[in-house]
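Residue numbers (the numbering used here), protein chains in the order written: chain A, 147 to 289; chain B, 147 to 289.
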């Protein structure tokens with residue numbers, strides 16, 4: 147991500163763990179601070195978007211499936227301000243992962259909805275529900 | 147914003163127009179590109195968040211009202227990929243603006259829901275519905 151999405155370097159996005167079914171990414175506070183000294187809501191939306199996107203991207207990579215993966219829509223609730231480093235988690239079940247990959251292999255297109263939770267100082271600070279679509283390169287959403 | 151929210155400098159956020167009831171902000175594509183060469187969805191969420199936040203912030207500033215303004219929740223639909231500079235617009239009616247400012251002056255707390263639309267090459271690329279809350283400094287959401 148840090149190679150292909152330059153903003154992730156400004157965010158100082160970090161990867162913490164991936165075990166095949168859960169991805170955890172992190173953001174430090176300093177580059178993502180707002181006028182109030184806590185984390186900018188847009189930074190949190192970037193972090194949670196990238197966590198959901200990354201989980202699906204990694205699954206497609208495991209199958210050596212070239213794919214363009216787009217976010218379609220998301221809903222985010224900002225539960226509390228974040229005053230420290232942020233940890234964002236997204237997971238899915240083996241059944242959800244298999245269905246997504248099977249649909250993509252069969253039809254060259256697959257959708258998945260995932261939930262992402264972001265914590266800071268062990269408090270949940272925001273949660274996002276997001277839907278993504280994977281398309282074979284060349285069958286892009288729009289030219 | 148460029149002074150107090152450092153990420154806005156990485157996004158290269160620009161201000162285009164404010165007329166008291168509508169705010170238009172812009173983002174260039176280059177620093178906000180993704181792995182597919184179009185705009186990163188997180189950058190678009192930052193842009194639309196800042197446009198809604200900025201409109202309310204400017205209104206509070208016009209009344210010389212010190213306030214902490216937080217996003218509470220948002221829903222975003224990514225309608226099409228953005229392949230060029232992005233323009234984000236948010237407006238409200240005089241009645242909506244007056245009610246928000248009146249509530250804030252009276253109670254030291256006010257909420258407002260606004261819609262933000264983002265275009266690129268004259269095509270709508272994403273739309274966000276967002277709710278914000280303004281609080282008097284010191285009565286913050288959380289310590």
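By construction, the Cβ of each residue, glycine as well, lies at the ideal position given by its N, Cα and C atoms. Computed from a predicted structure; not experimentally measured.
Ignoring anything shorter than 3 residues or poking outside the region 220 to 254 of chain B, list the beta strand (DSSP E) runs there in chain order.
232 to 237
For chain A, find out if any of its Cβ atoms is closer than 8 Å to the Cβ of residue 198 of chain B; answer yes or no.
As a working mapping, residue 198 of chain B is identified with position 52 in the second chain. With 8 Å as the cut-off, residue 198 of chain B does not count as an interface residue toward chain A.
Check residue 184 of chain A in the structure and name its three-state DSSP category.
Mapped onto the first chain, residue 184 of chain A falls at position 38. DSSP places residue 184 of chain A in coil when its eight states are reduced to three.
Is the region 166 to 182 of chain B touching the region 229 to 240 of chain B in the sense that three or more CB pairs, one from each, lie closer than 8 Å?
yes
Residue 178 of chain A versus residue 155 of chain A - alpha carbon distance
Locating residue 178 of chain A in the first chain gives position 32, where the first residue counts as 1. Locating residue 155 of chain A in the first chain gives position 9, where the first residue counts as 1. When rounded, the separation of the alpha-carbon atoms in residue 178 of chain A and residue 155 of chain A is 11 Å.
Residues that DSSP places opposite residue 169 of chain B in a beta bridge:
For the purposes of this step, residue 169 of chain B is taken as residue 23 along the second chain, with counting starting at 1. Per DSSP, B:164, B:236.
Scan the region 208 to 226 of chain A for residues whose Cβ lies nearer than 8 Å to a Cβ of chain B and list them as they occur along the chain.
214, 216, 217, 218, 219, 220, 221, 222, 223, 224, 226
Beta strand (DSSP E) segment containing residue 277 of chain B, residue limits:
In the second chain, counting from the first residue as 1, residue 277 of chain B sits at position 131. In this chain, the beta strand (DSSP E) harbouring residue 277 of chain B covers 269 to 281.
State the beta-bridge partners of residue 115 of chain A as determined by DSSP.
Since the first residue of chain A shown is 147 and the last is 289, residue 115 of chain A is not available in this structure.
Is it true that the CB of residue 201 of chain B sits closer than 8 Å to the CB of residue 279 of chain B?
In the second chain, residue 279 of chain B corresponds to position 133, counting from 1. In the second chain, residue 201 of chain B corresponds to position 55, counting from 1. Not a contact, by the Cβ cut-off of 8 Å.
List, in chain order, every chain A residue whose beta-carbon is nearer than 7 Å to that of residue 182 of chain B.
Position 36 of the second chain holds residue 182 of chain B. The contacting residues are 214.
Give every residue of the same chain whose Cβ lies closer than 6 Å to the Cβ of residue 223 of chain A, excluding the five residues on either side of it in the sequence, and list them in chain order.
On the first chain, position 77 is the one that residue 223 of chain A refers to. If we look at residue 223 of chain A and ignore the five residues flanking it on each side, its Cβ neighbours are 273.
What did DSSP end up calling residue 265 of chain A once you bin it into helix, strand or coil?
For the purposes of this step, residue 265 of chain A is taken as the residue at position 119 of the first chain. Strand, per DSSP.
When the Cβ atoms of the region 190 to 205 of chain A are set against those of the region 200 to 214 of chain B, are three or more pairs found closer than 8 Å?
no
Does any CB atom of chain A fall closer than 8 Å to the CB of residue 171 of chain B?
As a first step, residue 171 of chain B must be located in the second chain, where it is residue number 25. Closer than 8 Å: no.
Taking only the alpha-carbon atoms, compute the straight-line gap between residue 227 of chain B and residue 191 of chain A and give it to the nearest angstrom.
Mapped onto the second chain, residue 227 of chain B falls at position 81. Mapped onto the first chain, residue 191 of chain A falls at position 45. Approximately 18 Å between the Cα atoms of the pair.
From what residue to what residue does the alpha helix (DSSP H) around residue 154 of chain A run?
Here residue 154 of chain A refers to the residue found at position 8 when the first chain is read from its first residue. Element bounds for residue 154 of chain A: 153 to 157.
Sequence-distant residues of its chain with Cβ nearer than 6 Å to residue 188 of chain B (five each side left out):
Within the second chain, the letter at position 42 stands for residue 188 of chain B. There are no such residues.
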